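A.B. asks: The sequence shown lines up with residues 32 to 106 when you count with our numbering.
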Amino acid sequence: MALIRLGKDPESPSGGSPTIYLDDEKDTYLVQGWKVEDGERLGQMDIPGHETVVEIPRRMVQFFQEVKSDEDPDV
């Protein structure tokens, strides 16, 4: 299995994070981002013990293939 790097945050000062990958065998995305540790925000979500939450900037939506910015002017 080889992951396909779709894009890194174009405004990341170090160029290392966040990053979005595609696993074309599983047909899933993998998102590298900032670990969310804010209890107030996490408390608003129902997160099973085997899952986690990472945060990425909205500008990175461009790297998801299904997103078409002309359909949603806010993206």
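Note that the Cβ used here is the ideal one computed from N, Cα and C, for glycine as well.
Keep in mind it's a predicted model, so treat the numbers as computed, not measured.
Under 6 Å Cβ to Cβ from G52, same chain only, skipping five residues before and after it: list those, please.
C.D. replies: Strictly speaking, residue 52 in this sequence is Tyr, with Gly absent from that position. Excluding sequence neighbours, Y52 sits near L34, R36, L61.
A.B. asks: Less than 9 Å between the C-beta atoms of M76 and P49, yes or no?
C.D. replies: In this structure, P49 does not lie closer than 9 Å to M76 by Cβ.
A.B. asks: Assuming M32 and D54 are in contact, meaning their beta carbons sit under 8 Å apart, how far apart are those beta carbons, in whole angstroms?
C.D. replies: Confirmed, about 7 Å.
A.B. asks: If you reduce the DSSP assignment to three classes, tell me which class E42 lands in.
C.D. replies: In the structure shown, E42 sits in coil (DSSP, three-state: anything other than H, G, I, E or B).
A.B. asks: Quick one: what's got a C-beta closer than 8 Å to S43's C-beta in the same chain, skipping five residues either side?
C.D. replies: Correct list, in chain order: P49.
A.B. asks: Could you compute how far the alpha carbon of G80 sits from the alpha carbon of S45?
C.D. replies: So the two alpha carbons sit approximately 31 Å from each other.
A.B. asks: In the DSSP assignment, find the unbroken beta strand (DSSP E) run with D54 in it and report its ends.
C.D. replies: It spans 50-54 - the beta strand (DSSP E) in which D54 sits, taken as one unbroken run.
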